[in-house]
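So the structure is just underneath, and the comments pick up after that.
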Amino acid sequence: MSLIWMLGDNVNTDVIIPGRYNVTTDRSQLARYCLCEVMPEFAQQVKGGDVVMAGHNFGCGSSREHAPAALQACGIQVVIARSFARIFYRNAVNIGLPVLVCEEAVLASAGGEQVEVDLANGTIRNVTTNQTFQAEPLNPFVARIVAAGGIINYIRQEGTLR
Amino acid sequence: MGTLTEEIFSNKLGRTVEQGETVVVEVDRVMSHDTTTPLAIKAFRELAQQNNGRVFDPNRSHIVFDHIIPAATIAAATLQRDIRTFAQEQDITILQEGICHQVMPERGYVLPGDIIVGADSHSCTYGALGAFATGMGSTDIGVAYATGRTWFRVPPTINIRINGTLPFGVYAKDVTFEIVRMIGVDGANYRAIEYTGDLVEQMSVSERFTLCNMAIEMGGKAGLVAPDATTRAWLCGRTERDYPMLASNNPKYERVVEIDASLLQPMIACPPDVNNVTSVEELGHVSIDQVFLGTCTNGRLDDLEIAAHILQGKKIHPQTRMVVIPASREVYLEAMRLGYLETFVQAGASVGTPGCGPCIGRHFGVLAPGERALTTMNRNFTGRMGDPTAEIYLGSPATIAATALTGHITDPRHFIIKNHDRARSTIERNKK
Numbered sequence: 293m294s295l296i297w298m299l300g301d302n303v304n305t306d307v308i309i310p311g312r313y314n315v316t317t318d319r320s321q322l323a324r325y326c327l328c329e330v331m332p333e334f335a336q337q338v339k340g341g342d343v344v345m346a347g348h349n350f351g352c353g354s355s356r357e358h359a360p361a362a363l364q365a366c367g368i369q370v371v372i373a374r375s376f377a378r379i380f381y382r383n384a385v386n387i388g389l390p391v392l393v394c395e396e397a398v399l400a401s402a403g404g405e406q407v408e409v410d411l412a413n414g415t416i417r418n419v420t421t422n423q424t425f426q427a428e429p430l431n432p433f434v435a436r437i438v439a440a441g442g443i444i445n446y447i448r449q450e451g452t453l454r
Numbered sequence: 034m035g036t037l038t039e040e041i042f043s044n045k046l047g048r049t050v051e052q053g054e055t056v057v058v059e060v061d062r063v064m065s066h067d068t069t070t071p072l073a074i075k076a077f078r079e080l081a082q083q084n085n086g087r088v089f090d091p092n093r094s095h096i097v098f099d100h101i102i103p104a105a106t107i108a109a110a111t112l113q114r115d116i117r118t119f120a121q122e123q124d125i126t127i128l129q130e131g132i133c134h135q136v137m138p139e140r141g142y143v144l145p146g147d148i149i150v151g152a153d154s155h156s157c158t159y160g161a162l163g164a165f166a167t168g169m170g171s172t173d174i175g176v177a178y179a180t181g182r183t184w185f186r187v188p189p190t191i192n193i194r195i196n197g198t199l200p201f202g203v204y205a206k207d208v209t210f211e212i213v214r215m216i217g218v219d220g221a222n223y224r225a226i227e228y229t230g231d232l233v234e235q236m237s238v239s240e241r242f243t244l245c246n247m248a249i250e251m252g253g254k255a256g257l258v259a260p261d262a263t264t265r266a267w268l269c270g271r272t273e274r275d276y277p278m279l280a281s282n283n284p285k286y287e288r289v290v291e292i293d294a295s296l297l298q299p300m301i302a303c304p305p306d307v308n309n310v311t312s313v314e315e316l317g318h319v320s321i322d323q324v325f326l327g328t329c330t331n332g333r334l335d336d337l338e339i340a341a342h343i344l345q346g347k348k349i350h351p352q353t354r355m356v357v358i359p360a361s362r363e364v365y366l367e368a369m370r371l372g373y374l375e376t377f378v379q380a381g382a383s384v385g386t387p388g389c390g391p392c393i394g395r396h397f398g399v400l401a402p403g404e405r406a407l408t409t410m411n412r413n414f415t416g417r418m419g420d421p422t423a424e425i426y427l428g429s430p431a432t433i434a435a436t437a438l439t440g441h442i443t444d445p446r447h448f449i450i451k452n453h454d455r456a457r458s459t460i461e462r463n464k465k
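Protein chains in written order, with our numbering: chain A, 293 to 454; chain B, 34 to 465.
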């Protein structure tokens with residue numbers, strides 16, 4: 293069972309992992325400071341498999357891939373938002389951090405509930421309220437990258453980018 | 034037929050490309066900097082079997098050291114050492130002469146019609162020269178280094194038409210704030226922005242850089258200005274390559290937004306979001322601990338000139354610190370020759386090595402808890418310049434200079450000598 297961590301609109305990548313902590317490729321360091329500006333308790337209390345939900349424009353700002361990498365290193369199973377900023381979305385897909393767009397699921401959650409997510413079908417069940425939601429389907433090209441587990445695996449399978 | 038973005042993609046792919054299509058294209062240039070290169074190298078290495086361990090073209094692969102330069106910590110120095118090893122192995126020349134978004138155009142690496150990807154969100158700056166350029170994460174850039182290619186969904190375009198003339202004391206930065214206020218911080222998400230109108234046509238390339246630089250502050254994938262005689266003049270002496278003078282041709286814009294610049298005043302973006310815009314006049318009294326003039330948004334010669342004319346022969350307020358960082362070595366040398374740097378130092382400012390400086394909160398002017406800064410940066414996000422309780426306000430170089438003198442956010446119109454209001458004429462004259 294997974295817990296929902298709820299965030300608002302326009303959560304930028306400086307907030308997800310501040311510039312003063314991202315001069316590293318060490319994922320455990322990134323995990324330690326993830327979301328420290330807005331949810332100081334997050335990095336300590338998050339459990340593997342938990343879910344981040346957010347409002348509009350999640351991951352706006354800097355192109356730093358350290359942002360989805362930090363969430364992934366914290367064990368976040370999937371980020372579900374009303375909408376994503378373009379670069380963050382692409383970065384998450386590339387590194388294999390699942391991202392779903394589902395307006396209804398976010399609006400119907402307060403945070404702190406238990407949730408089950410079926411990534412293959414894009415279904416989200418808020419176990420606490422017993423409501424089920426369907427995420428938006430992926431762009432077909434993005435779906436192929438997701439199916440491969442990220443762009444590196446995709447290119448290895450295809451032999452090149454095409 | 035199409036928007037400038039569609040024209041650029043059609044020109045590259047040799048067929049008519051329309052918005053909404055997903056395409057794989059060869060890129061003209063790939064760029065990353067000292068913070069984003071390490072993860073790009075990791076992705077690149079994972080594709081060693083696909084590329085024989087070599088970048089697609091060392092002459093079109095660019096690594097710029099600008100984010101923490103010279104290195105401020107052992108961690109930064111270590112990452113930079115590892116990048117140098119990689120660059121040497123791949124025959125890539127590391128550029129250490131200013132901010133990537135200033136150095137790439139100065140070196141003639143950005144031309145009209147080019148498709149450029151950079152591991153920095155402000156790569157959209159290059160659109161000022163009529164290139165399609167966008168920021169990506171390190172893995173995408175590692176893939177581009179390995180394959181010379183990337184994929185795009187060709188975006189729809191918002192056309193922003195800027196007409197009128199800039200009033201006294203109002204600059205391209207103020208116009209940009211008004212645009213972000215109107216569009217919002219995600220109003221251009223997944224979209225390209227094409228800037229047109231009388232004022233854009235009259236703007237210098239430097240002013241167009243300021244406009245296009247902040248397309249990402251609205252979520253924009255790219256911000257573009259069609260190349261014209263001004264573009265040609267700026268590129269003269271910087272490149273030997275031919276380039277196509279592409280323009281939109283009977284475009285279908287998703288949305289058209291009109292702005293009359295004649296009505297604008299000096300503007301401020303208040304923390305913590307860039308669309309939190311108000312005029313300096315309406316803001317009220319806001320005391321400032323530090324001002325910062327520089328960055329890829331406003332660290333160019335005309336920006337420094339505007340500030341230097343306001344500060345000439347004066348001292349900054351005793352309760353306020355001032356940091357000045359020219360965007361590149363070229364700008365630094367020219368500003369030195371013209372006496373601007375001396376003006377800043379005499380006024381009491383700290384002048385730094387060309388680079389990003391405190392814009393990403395790692396060195397050369399980070400903020401203490403509760404402090405307040407006014408800067409020429411493009412972002413005012415919580416914690417960006419240091420402590421998360423510090424506040425960042427954004428303004429034009431003129432507003433920054435006026436504020437340095439008074440210690441609180443100040444309307445530059447009180448300080449500008451009328452003859453020096455349009456610094457551009459001087460800049461164009463001084464341009465070699």
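From the three backbone atoms N, C-alpha and C, an ideal C-beta is built for every residue, glycine too.
Suppose you measure from the CA of residue i to the CA of residue j; what does that come to, to the nearest Å?
{"i": "Lys-465/B", "j": "Phe-433/A", "result": "Its pLDDT being 39, under 50, Lys-465/B is placed unreliably in this model, and the value from its coordinates should be taken loosely. Going by the C-alpha atoms only, they are around 47 Å apart."}
{"i": "Lys-347/B", "j": "Gln-379/B", "result": "8 Å"}
{"i": "Arg-271/B", "j": "Gly-390/B", "result": "26 Å"}
{"i": "Ile-372/A", "j": "Asn-383/A", "result": "15 Å"}
{"i": "Tyr-313/A", "j": "Cys-328/A", "result": "10 Å"}
{"i": "Val-56/B", "j": "Asp-219/B", "result": "24 Å"}
{"i": "Gly-317/B", "j": "Ile-216/B", "result": "25 Å"}
{"i": "Gly-404/A", "j": "Thr-118/B", "result": "47 Å"}
{"i": "Phe-350/A", "j": "Leu-392/A", "result": "11 Å"}
{"i": "Asn-85/B", "j": "Arg-378/A", "result": "31 Å"}
{"i": "Arg-241/B", "j": "Val-208/B", "result": "11 Å"}
{"i": "Pro-138/B", "j": "Ala-401/B", "result": "35 Å"}
{"i": "Val-330/A", "j": "Phe-165/B", "result": "35 Å"}
{"i": "Phe-89/B", "j": "Ala-382/B", "result": "44 Å"}
{"i": "Gly-268/B", "j": "Gly-341/A", "result": "The sequence as given places Leu at residue 268/B; Gly does not occur at that position. One C-alpha to the other measures close to 52 Å."}
{"i": "Lys-254/B", "j": "Glu-51/B", "result": "16 Å"}
{"i": "Leu-430/A", "j": "Val-303/A", "result": "22 Å"}
At what residues does the alpha helix (DSSP H) containing residue i begin and finish?
{"i": "Tyr-178/B", "result": "171-180"}
{"i": "Ser-43/B", "result": "37-46"}
{"i": "Gln-235/B", "result": "231-235"}
{"i": "Ile-305/A", "result": "Reading off the sequence shown, one finds Thr at residue 305/A, where the question assumed Ile. Here the alpha helix (DSSP H) through Thr-305/A covers 305-308."}
{"i": "Val-472/B", "result": "Beyond the ends of chain B as shown, which are 34 and 465, falls residue 472/B; an answer cannot be given."}
{"i": "Val-398/A", "result": "395-399"}
{"i": "Val-58/B", "result": "Where Val-58/B is concerned, there is no enclosing alpha helix (DSSP H), although the beta strand (DSSP E) it sits in stretches over 55-59."}
{"i": "Gln-364/A", "result": "358-365"}
{"i": "Asp-207/B", "result": "205-216"}
{"i": "Gln-121/B", "result": "107-123"}
{"i": "Ala-81/B", "result": "81-84"}
What first and last residue would you give for the beta strand (DSSP E) that runs through residue i?
{"i": "Ser-312/B", "result": "310-312"}
{"i": "Arg-62/B", "result": "62-66"}
{"i": "Ala-373/A", "result": "370-373"}
{"i": "Val-324/B", "result": "323-326"}
{"i": "Ala-255/B", "result": "255-257"}
{"i": "Met-300/B", "result": "300-302"}
{"i": "Val-150/B", "result": "148-151"}
Interface positions of the region 323-356 of chain A facing chain B (Cβ-Cβ less than 9 Å), listed along the chain:
Cys-328, Glu-329, Val-330, His-348, Asn-349, Cys-352, Gly-353, Ser-354, Ser-355 and Arg-356
Taking only beta carbons into account, state which residues of the region 252-267 of chain B come closer than 8 Å to chain A, listed in chain order.
Gly-252 and Lys-254
Contact between the region 413-422 of chain A and the region 44-57 of chain B (3+ Cβ pairs under 8 Å)
no
Anything in the region 78-99 of chain B with a Cβ closer than 8 Å to a Cβ of chain A? List those residues in chain order, please.
Glu-79, Leu-80, Gln-82 and Gln-83
Can you pull out the residues from the region 403-436 of chain A whose beta carbon lies closer than 9 Å to at least one beta carbon of chain B?
Asn-431, Pro-432, Phe-433 and Val-434
Can you pull out the residues from the region 393-422 of chain B whose beta carbon lies closer than 8 Å to at least one beta carbon of chain A?
Ile-393, Gly-394, Arg-395, Val-399, Arg-412, Phe-414, Thr-415, Gly-416, Arg-417, Gly-419 and Pro-421
Please give me, in chain order, every unbroken run of the alpha helix (DSSP H) with length at least 4 that falls completely inside the region 375-462 of chain B.
430-439
Would you call the region 213-231 of chain B in contact with the region 328-343 of chain A, where contact means no fewer than 3 C-beta pairs closer than 8 Å?
no
In chain order, what residues of the region 183-196 of chain B put their CB closer than 8 Å to some CB of chain A?
Thr-183, Trp-184 and Arg-186
Relative to chain A, which residues along the region 151-178 of chain B have a C-beta separation below 7 Å, given in chain order?
Ala-152, Asp-153, Ser-154, Gly-168, Met-169, Gly-170, Ser-171, Thr-172, Asp-173 and Val-176
In chain order, which beta strand (DSSP E) runs of at least 3 residues are fully inside the region 413-444 of chain A?
415-418 and 423-426
Measuring CB atoms only, is the region 192-201 of chain B touching the region 271-280 of chain B, in the sense that at least three cross pairs come out at less than 8 Å?
no
Tell me whether the region 170-189 of chain B and the region 67-82 of chain B touch, counting them as touching only if at least three CB pairs, one residue from each stretch, are closer than 8 Å.
yes
Are the region 343-362 of chain B and the region 305-325 of chain B touching by the rule of at least three beta carbon pairs closer than 8 Å?
yes
Can you give, in chain order, each stretch of the beta strand (DSSP E) that sits fully within the region 326-361 of chain B and has at least 3 residues?
354-357
Give the list of continuous alpha helix (DSSP H) stretches no shorter than 4 residues that lie fully inside the region 298-344 of chain A.
305-308, 319-324 and 334-337
Determine contact between the region 73-93 of chain B and the region 179-191 of chain B, defined as no fewer than three beta-carbon pairs at a distance below 8 Å.
yes
Should the region 156-165 of chain B be regarded as contacting the region 356-365 of chain A, the criterion being three or more beta carbon pairs within less than 8 Å?
no
Residues of the region 212-239 of chain B with Cβ closer than 7 Å to any Cβ of chain A, in chain order
Val-218, Asp-219, Asn-222 and Tyr-223
Using a Cβ cut-off of 8 Å, which residues of the region 303-323 of chain A contact any Cβ in chain B, in chain order?
Asn-304, Asp-306, Val-307, Pro-310, Gly-311, Arg-312, Asn-314, Val-315, Thr-316 and Thr-317
Note down, in chain order, all residues in the region 52-77 of chain B with a beta-carbon under 8 Å from any beta-carbon belonging to chain A.
Thr-55, Val-57, Thr-68, Thr-69, Pro-71, Leu-72, Lys-75 and Ala-76
Cβ-based contacts, 7 Å cut-off: residues of the region 314-341 of chain B near chain A:
none
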